[in-house]
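Numbered per this note's numbering, the sequence shown spans residues 194 to 417. Glycine included, each C-beta is placed from N, C-alpha and C at the ideal position. Treat the numbers as computed from the prediction; the structure is a model and nothing was measured. Have a look at the structure below, then the notes.
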Amino acid sequence: MSIRISPSILAADFTRLAEEADAVAEDADLLHVDVMDNHFVPNLTVGLPVVESLVKKVRLPLDIHLGVTDPDRHAPDYAEAGAGSVTIHAEATHSPVRTLRAIRAAGAQAGLALNPATPLQPYEGLLAEADTLLIMTVEPGFGSQKFLDFTLEKVRQARALIDQISRFGGRDVPLWLQVDGGVNESTIARCAEAGADSFVAGSAVYAGTDPGAAVRALRRRVDA
Ligand code: DX5
Ligand code: ZN
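Right, dumping it as C-alpha cells:
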C-alpha cells in the first residue's frame with residue numbers, strides 16, 4: 194500500500210522553519226502547514242507570506258491545511274503560491290465545488306477536511322472534486338491533543354466509500370484518506386487499519402531530537 198507522511202510544522206521551531214523542514218525532507222512525503230486565523234480556530238499561526246517563502250526553500254510539496262473562516266477567498270492564493278495541496282474545511286466553505294475546482298485549476302491538489310463531529314454523508318458527492326479527504330482526529334486548533342477514538346468509524350466509512358468509487362472506475366486520480374491530530378506511534382496503526390493512507394503528525398515528529406528518525410518510526414508502524 195502506498196502511504197504518505199506529512200509532518201506538521203505547527204510542532205516545529207518557528208524561528209528555524211527551513212531547517213526543520215530539511216530535517217524531514219529525506220523521509221517524509223509532504224510538509225503540513227497549518228494556516229489558522231484565530232477565528233475558525235482559537236489559534237493564530239502563519240499566512241501567505243510565510244508559505245511563499247517556504248515554497249522557495251522546502252523540497253517537499255507543501256500540504257496546506259486552512260483552518261480559516263473564509264477558505265473560499267484564500268485557498269486559491271495558496272495554490273497559486275506553489276503549494277502541493279490545499280485543504281479547506283467543509284464547515285467553513287460556502288462554495289466547496291467552486292473552491293476545490295479553483296485549487297485544482299491553480300495546479301495544486303484539492304483537499305476537503307471534516308471536523309470530528311461533521312458527518313461524511315452530506316459531502317460524499319464532493320469527493321469527485323477532491324484529491325484528499327481529511328478526517329480530523331482532534332478538534333483543529335492545537336498540536337499535542339489526544340486522539341479521538343470515535344473518529345475512526347468515519348475513517349472506515351470513508352475507506353469503504355473510496356474503495357467503492359474506485360471499483361466502479363469512478364476516478365482516474367487517487368483520493369487520499371488523510372488523518373490529522375494525535376497521530377503517533379501508538380495510534381497510526383489503528384488509523385491505517387481503519388483505511389487511512391495519509392498521516393499528519395506534529396508532536397510525534399518534532400517533539401524529539403531527530404525528526405527524520407521519528408518519521409521513519411511512524412512509517413515502520415504502518416508498513417509492518
Ligand atoms: C491541529 C492541526 C494539526 C496539528 C497536529 O489543529 O491541524 O496538524 O499540528 O498536531 P499533533 O500531531 O501534535 O496532534
Ligand atoms: Zn493540520
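Hey, how far is the Cα of D390 from the Cα of R360? In the sequence shown, counting from the first residue as 1, residue 390 sits at position 197. In the sequence shown, counting from the first residue as 1, residue 360 sits at position 167. Whole-angstrom Cα-Cα distance: 17 Å.
For the alpha helix (DSSP H) that contains Q302, what are its first and last residues? Start at 1 with the first residue of the sequence shown, and residue 302 comes out as number 109. DSSP places Q302 outside any alpha helix (DSSP H); the residue lies instead in the beta strand (DSSP E), whose first and last residues are Q302 to L307.
If you measure between the beta carbons of G375 and F340, is that distance less than 8 Å? Along the sequence shown, read from residue 1 onward, the residue named residue 375 stands at position 182. Along the sequence shown, read from residue 1 onward, the residue named residue 340 stands at position 147. Yes. Within cutoff.
Hey, which unbroken runs of the beta strand (DSSP E) at 3 residues or more fall wholly within the stretch 307 to 391? Counting only runs of 3+ residues, the beta strand (DSSP E) found wholly inside the stretch 307 to 391 occupies 325 to 329 and 369 to 373, in chain order.
On the DSSP bridge list, what partners appear for A225? As a position in the sequence shown, residue 225 is number 32, starting the count at 1. The question names Ala, but residue 225 in the sequence shown is His. According to DSSP, H225 bridges with S201 and D256.
Give me the Cα-Cα distance between A205 and G388, rounded to the nearest whole angstrom. For this step, residue 205 is matched to residue 12 along the sequence shown. For this step, residue 388 is matched to residue 195 along the sequence shown. In a straight line, the C-alpha of A205 is about 28 Å away from that of G388.
Identified DSSP bridge partners for D230: For the purposes of this step, residue 230 is taken as residue 37 along the sequence shown, with counting starting at 1. For D230, which the question treats as bridged, DSSP gives the partners L237.
Spatial neighbours of V251 within its chain, please: C-beta separation below 6 Å, excluding the five flanking residues on both sides. The residue given as residue 251 occupies position 58 in the sequence shown. Contacts found: A214 and L224.
Relative to ligand 1, is the shortest distance from any of its heavy atoms to the C-beta of F392 smaller than 7 Å? Position 199 of the sequence shown, counted from the start, is the residue given in the question as residue 392. No; taking the cut-off as 7 Å, the Cβ of F392 has no heavy atom of ligand 1 nearer than that.
Take the Cβ of S195 as the centre, count every other Cβ of all protein chains shown within 10 Å, and call the residue buried at 16 or more, exposed below. What you label residue 195 is simply residue 2 of the sequence shown in a count that begins at 1. So S195 ends up on the exposed side.
Ligand 1 heavy atom lying under 7 Å from the CB of D215: The count along the sequence shown starts at 1 and reaches residue 215 at position 22. Every heavy atom of ligand 1 is 7 Å or more from the Cβ of D215, so no.
Could you have a look at H287 and say whether DSSP puts it in helix, strand or coil? Residue numbering aside, residue 287 sits at position 94 when the sequence shown is read from its first letter. Reduced to three states, the DSSP call for H287 is coil.
If we count the other Cβ atoms within 10 Å of its Cβ and call it buried at 16 or more, is N377 buried or exposed? Residue 377 sits at position 184 when you count from the first residue of the sequence shown. It is buried - the Cβ of N377 has at least 16 other Cβ atoms within 10 Å.
From what residue to what residue does the alpha helix (DSSP H) around V408 run? Mapped onto the sequence shown, residue 408 falls at position 215. Segment P404 to D416, the alpha helix (DSSP H) holding V408.
Please determine, among L203, P404, R209 and A351, the residue with the shortest C-alpha to C-alpha distance to H316. As a working note, residue 316 is residue 123 in the sequence shown. The question names His, but residue 316 is Tyr in the sequence shown. Out of L203, P404, R209 and A351, A351 has the C-alpha closest to the C-alpha of Y316.
State the Cα-Cα distance for the pair R297 and G401, rounded to the nearest angstrom. Stepping through the sequence shown from its first residue, residue 297 is reached at position 104. Stepping through the sequence shown from its first residue, residue 401 is reached at position 208. Approximately 35 Å between the Cα atoms of the pair.
Assuming A218 contacts S199 (C-beta within less than 8 Å), just tell me the rounded distance between them. Within the sequence shown, numbered from 1, the residue matching residue 218 stands at position 25. Within the sequence shown, numbered from 1, the residue matching residue 199 stands at position 6. Not a contact, Cβ separation roughly 13 Å.
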